[in-house]
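Peer 1:
Chains as they are written, first to last, in the working numbering: chain A, 79 to 253; chain B, 188 to 512.
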């Protein structure tokens, strides 16, 4: 009897073709490039918007406006240089600002507040409100405050050359 | 014919091979759309529309158009000209994004829903529906006030996207009269003669850091005399810490804030249409006012400034569409 191998060809082709297709599919799924930014990041985007809005709401001009929260500049000018630490999450003179920010934040959100400025002795970055360690998906918004001569400044700023630019950074994250 | 015939097997083998191929192919083909589920129009589109609408409402003052000598021009004060409305925005002006004018919010409350949709750009090739709510935190009284809650129509869609914004609500301008700066007089004259003809707002004087009684408000044509009376409740109103005062006098102590509101329609004009009530006189029983030889200019005083009073609020927008159902 003669063995025939005619029949094997189509089956092997089919199986190989399916293997190629499945491996292509696997490759596509595993590759990172397909991950879309929009839908998953929209939660972060919304929190970022709240953070930007919070600083924007605090940053109004005393000459033509008045609000029950802020102004941010007054808080910065009155800062006594004390930082947040393990025993006190909020620097004592920042209690009012902490209250203002927390009133604008959605529930289940924590935040840190940081002042960064350059003076004669170099760059200083001070954490004035620290409610914890930011998670991976934290968002940051910033606002620039300029301290000028003629502003009511605390003793802490008295020795610095004016005008002095302070970057106020708000870091928010979901718990 | 030879002993073994293999012509018949070819078809079965082919059928088996093609079915393995087709099974995998169909599996792959059905799986691919699932890969792009995150790109589905509803979730992405609604999200960006919600953000876009919130940005328009919070950061743009809106626009209306009118013709001057046949030339089309426009302005942001659409709340007084809503029949020529071209775009809805609630911001006070371009320079203050995030500060919303209460007059525009009130006007938005009156406009028909189809017009709101149209003027917010939600009525294009894809039709969207929207809910807007703005809740103000009035810190004078500690109350949360719902300024607008546009919940029509009811949402029947499965996909709804929302966004919340922190904003400030500008409730109008007030003259900030800080009694702590100087208090030597028991009568305060406020000069309103620099009022422009188009000025339609009430006059509000916020008195704070003061101790004593505020008795009444009167008016005069010149800085000295004669004095003419106004009626409390009709012509002028006191708000003590944001609450209506039933009848004067008002007793003020350190932390109190008194808002003296003189109604615009209480102003007196002569037969030629010129303003007669050029000075507002506020009376106290003690010297708690700065006074001054010429009084305080309501519109342009170097010390006692006219400031726009704002309160924090939260704006929530929900957007959905039946186009993706």
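Where is the CB? At the ideal position from N, CA and C, for every residue including glycine.
Keep in mind the model is a prediction, meaning the values are calculated, not measured.
Let me know if residue 332 of chain B comes out buried or exposed under the rule of 16 or more other beta-carbons within 10 Å of its beta-carbon.
Peer 2: Under this definition residue 332 of chain B is an exposed residue.
Peer 1: Leaving out five residues on either side along the sequence, give the residues of the same chain with a beta carbon under 7 Å from the beta carbon of residue 488 of chain B.
Peer 2: Excluding positions up to five away in sequence, the list is empty.
Peer 1: Please report the straight-line C-alpha distance between residue 437 of chain B and residue 194 of chain A, rounded to a whole angstrom.
Peer 2: Cα to Cα, the separation comes out at about 47 Å.
Peer 1: Kindly say whether residue 59 of chain A, judged by its beta-carbon, lies nearer than 8 Å to any beta-carbon of chain B.
Peer 2: The structure shown does not extend to residue 59 of chain A, since chain A is modelled only from 79 to 253, so the question has no answer here.
Peer 1: Could you tell me the boundaries of the beta strand (DSSP E) in which residue 302 of chain B lies?
Peer 2: Segment 300-306 is the alpha helix (DSSP H) holding residue 302 of chain B; no beta strand (DSSP E) there.
Peer 1: If you drop the 5 nearest sequence neighbours on each side, which residues of the same chain put their C-beta closer than 6 Å to that of residue 191 of chain A?
Peer 2: Result list for residue 191 of chain A: 206, 207 and 248, in chain order.
Peer 1: Could you check what DSSP says for residue 325 of chain B in three-state terms: helix, strand or coil?
Peer 2: It is a strand residue.
Peer 1: What in chain B is Cβ-close to residue 135 of chain A, meaning under 8 Å?
Peer 2: Within chain B, the residues near residue 135 of chain A are 285, 353, 354, 355 and 499.
Peer 1: Report the option in B:302, B:248 and B:255 whose CA atom is closest to the CA atom of residue 317 of chain B.
Peer 2: Here the closest residue by C-alpha is B:302.
Peer 1: So the beta strand (DSSP E) residue 400 of chain B belongs to, where does it begin and stop?
Peer 2: Element bounds for residue 400 of chain B: 399-407.
Peer 1: Look at the alpha carbon of residue 196 of chain A and the alpha carbon of residue 244 of chain A, and state the distance between them as a whole number of angstroms.
Peer 2: Whole-angstrom Cα-Cα distance: 8 Å.
Peer 1: Which class does residue 188 of chain B belong to by DSSP, given the choice of helix, strand or coil?
Peer 2: The predicted position of residue 188 of chain B is uncertain, since its pLDDT is 49 and thus under 50; a value taken from the coordinates is nonetheless stated next. Reduced to three states, the DSSP call for residue 188 of chain B is coil.
Peer 1: Using a Cβ-Cβ cut-off of 6 Å (strictly less than) and excluding sequence neighbours within five positions of residue 372 of chain B, which residues of its own chain qualify?
Peer 2: These residues qualify, in order along the chain: 474, 476 and 478.
Peer 1: What are the residues in the stretch 197-208 of chain B lying within 9 Å of chain A by C-beta distance?
Peer 2: Those residues of the stretch 197-208 of chain B that come within reach of chain A (Cβ to Cβ, closer than 9 Å) are 197, 199, 200, 201, 202, 203, 204, 205, 206, 207 and 208.
Peer 1: Is residue 389 of chain B close to chain A? Criterion is C-beta to C-beta, closer than 8 Å.
Peer 2: Taking Cβ atoms only, chain A never reaches closer than 8 Å to residue 389 of chain B, which makes this a no.
Peer 1: For chain B, find out if any of its Cβ atoms is closer than 8 Å to the Cβ of residue 222 of chain A; answer yes or no.
Peer 2: With 8 Å as the cut-off, residue 222 of chain A does not count as an interface residue toward chain B.
Peer 1: By Cβ distance below 7 Å, which residues in the same chain neighbour residue 509 of chain B in space, the five residues on each side in sequence not counted?
Peer 2: These residues qualify, in order along the chain: 344.
Peer 1: Does any C-beta atom of chain A lie closer than 8 Å to the C-beta of residue 396 of chain B?
Peer 2: For residue 396 of chain B, the answer is no, since every Cβ of chain A falls outside 8 Å of its Cβ.
Peer 1: Please confirm if the stretch 260-269 of chain B is in contact with the stretch 286-301 of chain B, defined as three or more CB-CB distances below 8 Å between the two stretches.
Peer 2: Taking 8 Å as the limit for Cβ pairs, the verdict is that the stretch 286-301 of chain B does touch the stretch 260-269 of chain B.
Peer 1: Quick check: the Cα distance between residue 148 of chain A and residue 255 of chain B, rounded to an integer number of angstroms?
Peer 2: Each residue's alpha carbon lies about 43 Å from the other.
Peer 1: Going by DSSP in three states, residue 412 of chain B sits in which element: helix, strand or coil?
Peer 2: Three-state DSSP puts residue 412 of chain B in coil, outside helix and strand.
Peer 1: Is the beta carbon of residue 495 of chain B less than 8 Å from the beta carbon of residue 143 of chain A?
Peer 2: Cβ distance < 8 Å, so residue 495 of chain B and residue 143 of chain A count as in contact.
Peer 1: Looking at C-beta atoms only, is the number of pairs between the stretch 362-371 of chain B and the stretch 385-405 of chain B that lie closer than 8 Å three or more?
Peer 2: Cβ pair count under 8 Å is three or more, so yes.
Peer 1: Is it true that the CB of residue 176 of chain A sits closer than 8 Å to the CB of residue 136 of chain A?
Peer 2: No, Cβ-Cβ distance for residue 136 of chain A and residue 176 of chain A is not below 8 Å.
Peer 1: Using the DSSP secondary-structure output, state which residues sit across from residue 168 of chain A in a beta bridge.
Peer 2: In the DSSP output, where bridge partners are listed per residue, residue 168 of chain A has A:207.
Peer 1: Taking residue 332 of chain B as part of the beta strand (DSSP E), name the residues at either end of that continuous run.
Peer 2: That run of the beta strand (DSSP E) goes 330-337.
Peer 1: Is there contact here, the stretch 275-294 of chain B with the stretch 246-255 of chain B, by at least three beta-carbon pairs under 8 Å?
Peer 2: Verdict: yes, contact present.
Peer 1: State yes or no: is the beta carbon of residue 211 of chain B nearer than 8 Å to at least one beta carbon in chain A?
Peer 2: For residue 211 of chain B, the answer is yes, since a Cβ of chain A falls inside 8 Å of its Cβ.
Peer 1: Which residues bound the alpha helix (DSSP H) around residue 253 of chain B?
Peer 2: No alpha helix (DSSP H) contains residue 253 of chain B, which is instead part of the beta strand (DSSP E) from 250-255.
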